[in-house]
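Chains as they are written, first to last, in our numbering: chain A, -9 to 425; chain B, 88 to 399; chain C, 3 to 263. Cβ atoms here follow ideal geometry from the backbone N, Cα and C, with glycine treated the same way. What follows is a single structure, written as structure tokens, with notes after it.
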Amino acid sequence: MSRFDADAIVVGAGPAGSCAALALARAGKNVILVERGPFAGSKNMYGGVVYPRILDELVPNWWETAPVQRWVVRRSTMILADDNAFTIDYRTPSWGRPPYNGATAYRPDFDHWLSRQAVAAGATLVTSTTVTGLLRDPAGRVNGVRTDRPDGDLSAPIVIACDGVNSFLAKEAGLYTATDAANFTVGVKETLALPRSVIEERFGVRDDHGVDIEILGGTSGVNGGGFIYTNLETVSLGVVLKLPKLTAQSKRPEEIIAGLKRHPAIAPLIEGATVQEYSAHVIPEAGLSMMPTMVTDGMLVAGDAAALCLAAGIWLEGVNFAMASGMYAGRAAAAAIDQGDVSAKGLAGYTKLLEESFVLADHRKLKDIPGLVLSDRVQQKYPGFVTSVIERVFRVDNPNPKPGLRRIVREERKRAGIKLGDLLRDGWKGMRGFG
Amino acid sequence: MNAVPALIAVVPVRDGILPAGGLESISEARGIALLIGSDCPAAVESARGVARRVFTVEATDQSPAILGRVAAEAIRRSLPDHSVVVPASPDGRDLAPHLALALGRPLHSGAIEIRADEVRLARQGGLAIAPVRVEGPFVATLQPGIRGVDFVADTTLEHAPLSISAPTTGHSVVSVEVRPPDASTMDLAEAPRIVGGGAGLDSDARFAMLAEVAASLDASMGVTRVITDRGWATHERQIGTTGVVVDPRLYIAFGISGAVQHTSGLGQPAHIISVNTDPHCPMMQMADLAIVADANEVLVALAHEVTPVSPS
Amino acid sequence: MIAVCLKWVQPHGAADDRFAGISAADQSALELALRTAEARGDEVLAVTVGPVGAERALRDALACGATRAVRIATEPGVSSLRTATALAAEVDAADVVWCGDYSADRGSGSVPAFLAARLGIDQALGLIDIEINGNGSHIRAVRRLDGGRREVLSVTGRAVLSVEGSTARLRRAPLRSVITADAASITVRPLESPDISAADLVPYRPRARVLPAPASANALDRVRALTDTGAAPSRTETVVLEPAAAARRILDALRDWGYLT
Ligand SMILES: Cc1cc2nc3c(=O)[nH]c(=O)nc-3n(C[C@H](O)[C@H](O)[C@H](O)COP(=O)(O)OP(=O)(O)OC[C@H]3O[C@@H](n4cnc5c(N)ncnc54)[C@H](O)[C@@H]3O)c2cc1C
Ligand SMILES: Cc1cc2nc3c(=O)[nH]c(=O)nc-3n(C[C@H](O)[C@H](O)[C@H](O)COP(=O)(O)OP(=O)(O)OC[C@H]3O[C@@H](n4cnc5c(N)ncnc54)[C@H](O)[C@@H]3O)c2cc1C
Ligand SMILES: Nc1ncnc2c1ncn2[C@@H]1O[C@H](COP(=O)(O)O)[C@@H](O)[C@H]1O
């Protein structure tokens, strides 16, 4: 390399950045991965479940070395109303065997492990270094970054921004048109310590098997959702809340978590647990509608920085989207370097790879779901409606005869103040939306 | 026969003053001591009631290397089979490695107790103990403030001055002056009530709050070394071996783990309250009232309780 | 030449290097070594006795401006004397050797004194304030004594100096140096006859203390004084409380014990 310090610079060693660096290093490129924390993952948080299928391409048999807490063999969806709950529960031992489906993991462990894969493949990881700006050539093309270290400019024909939600690099490059608080949710999580045997007993799992519970309702009237994931000796419990609603109702997230923890369906699961950690983070939630332009001359954006997280209250998949988009960005960058064209045109292969894979396909397919799940009706009216229907179906009210499902639904719908038309429309949207 | 190894305390003396932990080391050695330094006779007087048998060496050159060699020679001439205990005061720490080398013995530094077959050493900043097996005579440094002093009434004191000459050499490190503790230090050292804060308190601002709460309880504020290292309080506020040695009647600890280097400077408070999220840490074990809670929040609540609400 | 001794500490063992590093005291020592060398127009040698992971400390030192780095290869747990002896062989040409006051794990603070003994030069240990004159020929240092006293020392020749963590803030390494230090060469030498003794650690428990003998002449009064629970409470009461309740509990206790009315 004559003019440049490296072939490519990747900013941020989260799942997106490490996979981008890994793909570039595998392609024989000289890549520098810059991370602001003292080690990859040191400052990163999330709910707790990774779906690492995409890693099959980058790290074959990743499950042999990845730092996993528990393999998810059981997924539940809970609908919570005032003091009652309706749960749909699925479990299969097959997810507890290679090649596995999903796993709970701690981000400081997982991200660190992933960054070591990139370093092992030849990437240079520079930690405790914050990128503070972009460098451009006279023609305005991005060709490096500025950092907070003395003598801190680094040059490369390609910069990949993987700096997470609210990416200031993508904004500085002018790739976002507008950012609206309505596009974000805030995630708040408590890590609750319990003895291993207690977790296994309460959640009905053994060995290194675990549970993933998504929750609708129970967020004190603020639109959002909740989750509970089991780790080996802790349980992650959190809520994801729509920002404008949260500020409008002037409720504090910790009050909402406390409320969820008091719910009769949740309290017995976490009784006696001690809070080990409390953390909060913003999530890009609006999917397709908020995504930036993915490439510009000399630069690509991946992961949360490109708003690729799939998050809609009860949906929380971001790490897999980050890993995949990072990998595709790395591959597209390597190809562009080989072609000798690192302009937006030369990098267009990236967008194509995203389109052809689940990354954008899933977002397309589910594009109406976030809006639907977080809509006032789904949030405020349906949970109570569903649980009271279920309650009446199962209630034995002898000597009265059973009322019949149709009548219960009609009466409960009226009581909840839901118009039949709205219910049908939402049902149809949901059917179509989930594809 | 007593199974505990025969001990002699080697205590460095500056201008007749015994260092922190000097009397405790002499107690640990059951009254047998070698005082070495300047104006030893005055130091012998202050050891009365604790020491039974004292050797002294007046040293002209006080550099640790020379003191170590002279002390080794004094031990060879007096009690050559005895193991040595040195107070882990700054001067004691300086001396002990040189003494161990001159005697050709192992050094066990930071002991909290010397038992028949093992020396128990404080490790990991005082949060753990490493028991080390004893084989043959050794040199150990003893953490000041952890054992207390046995005062024995009506003992006779046997004093044997030794004269050992040492070659005087030029030095590249020279003592210019010893400064007495300054006023703010004295303030803490003599305070009857102390409110202490440690790493469990999360910010600089908390210590301003801590000082306020302390003031309203008529107490002084003390901190741990972690806090002075962070620059959240001056060194004069640091309680412990390398800070100020205090002796309050009441001690309230917020977010302090109770490492031996801290508690050894604490004297013997009649009452200790500890607020900590970890019920098992040493400070909680020492406390009369141990409250498991977030110290930051308790401090806020306490500030609220003790500061009169101003009329709006 | 100026030397600095850096101790690599792995609080979570060799398998997890995320929280491994050198202590704040060693960082101060490195910064002061760099400053002394700058004043004198001299070189800085960074030395560690430790496992291969410790090379990261040396690379960081090189990135900050150290000229040369040596690792004496061994596993953790080597005795202070053995460590100091190995260090001495490496730094025997140094004019000033900077060390941390205490290492974070063993924390005996004895390596610097052993090192001075092995080198046959003077020492100034446990320093809390350092002034280096313009050409680096004279260092004025303040050392902590007990009871809040301070000793001012003047250093004019070869010496081993050990400093506390708050004496100097380590500079940020320039970015390019960080990257090149990744590939910098480090001299590795074996440690002959390491005497590794990994003592098992047990949790710290305070030792029972000797209470001062009661002053009274009357035997019954003496017994009372020793056993009076009001004067020497011995039982720990442990309670889990919400913040507001905890604050009230503290004030109640202070009232019970007569500190507040
Ligand atoms: C509460 C919550 C729960 C979630 N639950 C899940 C879940 O269960 N499963 C799931 O798959 N996803 C979940 N997500 C989403 C997931 O966390 C994100 O989508 C994912 O982390 C995105 O990865 P990334 O690499 O793009 O960004 P990040 O993980 O945010 O990484 C960005 C990296 O860049 C670094 N960085 C930032 N700025 C700079 C700079 N200027 N210079 C240098 N470095 C910089 C950061 O330190 C960080 O290491 C959740 C998110 C939240 C908030
Ligand atoms: C030779 C030597 C000399 C030393 N001299 C001194 C000295 O003079 N004085 C001194 O103080 N230290 C000294 N030290 C340092 C000493 O070893 C300890 O490291 C120090 O005392 C620990 O301070 P700490 O209790 O504040 O911090 P830590 O040991 O880190 O303890 C913090 C405590 O806070 C608790 N905590 C955390 N979060 C919360 C929360 N939210 N609410 C409530 N509690 C919480 C934790 O459970 C823990 O118990 C010396 C060390 C050495 C090696
Ligand atoms: N293994 C080691 N390698 C290099 N320097 C060391 C080592 N052990 C101790 N030191 C130095 O000696 C100082 C005091 O350490 P210790 O005597 O272990 O408390 C440290 O701060 C280092 O400067």
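Simplified DSSP assignment, three categories, for residue i
| i | result |
| --- | --- |
| MET371 of chain B | helix |
| CYS9 of chain A | helix |
| ASP101 of chain A | helix |
| MET313 of chain A | helix |
| LYS357 of chain A | coil |
| MET289 of chain A | strand |
| ILE153 of chain B | helix |
| CYS101 of chain C | strand |
| GLU307 of chain A | strand |
| ASN173 of chain A | helix |
| TYR96 of chain A | coil |
| VAL141 of chain B | strand |
| LEU94 of chain B | strand |
| SER262 of chain B | strand |
| GLY123 of chain A | strand |
| HIS185 of chain B | helix |
| ALA75 of chain C | strand |
| TYR338 of chain B | strand |
Residue i versus residue j - alpha carbon distance
| i | j | result |
| --- | --- | --- |
| VAL387 of chain B | GLU299 of chain B | 11 Å |
| TRP10 of chain C | LEU214 of chain B | 19 Å |
| ALA234 of chain C | GLN355 of chain B | Annotation note: pLDDT 40 at ALA234 of chain C (below 50); position unreliable, no value reported. |
| ILE134 of chain C | ALA143 of chain C | 9 Å |
| LYS161 of chain A | ALA292 of chain A | 13 Å |
| GLY31 of chain A | PRO98 of chain A | 4 Å |
| ALA187 of chain B | ARG120 of chain C | 12 Å |
| LEU364 of chain A | ILE69 of chain A | 14 Å |
| TYR104 of chain C | SER112 of chain B | 22 Å |
| LEU208 of chain B | VAL332 of chain B | 21 Å |
| GLY179 of chain B | GLY316 of chain A | 59 Å |
| PRO89 of chain A | MET421 of chain A | 30 Å |
| ILE252 of chain C | LYS235 of chain A | 40 Å |
| PHE311 of chain A | LEU298 of chain A | 6 Å |
Residue i, enclosing beta strand (DSSP E) - first and last residue
| i | result |
| --- | --- |
| ARG26 of chain A | Where ARG26 of chain A is concerned, there is no enclosing beta strand (DSSP E), given that its DSSP letter is neither H nor E. |
| LEU229 of chain B | 226 to 229 |
Identity of the residues DSSP links to residue i by a beta bridge
| i | result |
| --- | --- |
| LYS179 of chain A | A:GLY228 and A:SER269 |
| TRP259 of chain C | Answer by DSSP bridge pairing: none, since TRP259 of chain C is not bridged. |
| LEU300 of chain A | A:GLU307 |
| THR67 of chain A | A:ILE78 and A:GLU204 |
| MET35 of chain A | According to DSSP, MET35 of chain A bridges with nothing at all. |
| VAL131 of chain C | In the sequence as presented, Val is not what sits at residue 131 of chain C; that position holds Asp. According to DSSP, which records beta bridges pairwise, ASP131 of chain C is partnered with C:VAL144. |
Limits of the unbroken alpha helix (DSSP H) element including residue i
| i | result |
| --- | --- |
| PHE193 of chain A | 186 to 193 |
| ASP416 of chain A | 410 to 423 |
| CYS7 of chain C | That residue, CYS7 of chain C, is in no alpha helix (DSSP H); its beta strand (DSSP E) goes 4 to 7. |
| ALA65 of chain C | 57 to 66 |
| SER82 of chain C | 82 to 93 |
| PRO366 of chain B | From DSSP, PRO366 of chain B is part of no alpha helix (DSSP H); its letter is neither H nor E. |
| PRO218 of chain B | Not the alpha helix (DSSP H): PRO218 of chain B falls in the beta strand (DSSP E), residues 215 to 220. |
| SER145 of chain A | No alpha helix (DSSP H) contains SER145 of chain A, which is instead part of the beta strand (DSSP E) from 143 to 145. |
| MET296 of chain B | 291 to 303 |
| GLN348 of chain B | 347 to 350 |
| HIS391 of chain B | 382 to 393 |
| PHE375 of chain A | 372 to 384 |
Exercise for review: Could you tell me whether the stretch 241 to 251 of chain C touches the stretch 367 to 378 of chain B, using the rule of 3 or more Cβ pairs below 8 Å?
Suggested key: yes
Check your understanding: Counting Cβ pairs, one atom from each stretch, are 3 or more of them under 8 Å apart for the stretch 220 to 232 of chain A and the stretch 175 to 194 of chain A?
Key -> yes
Point to revise | Sufficient close CB pairs (3 or more, under 8 Å) joining the stretch 118 to 128 of chain B to the stretch 97 to 104 of chain B | key: With three or more CB-CB distances shorter than 8 Å, the stretch 118 to 128 of chain B counts as touching the stretch 97 to 104 of chain B.
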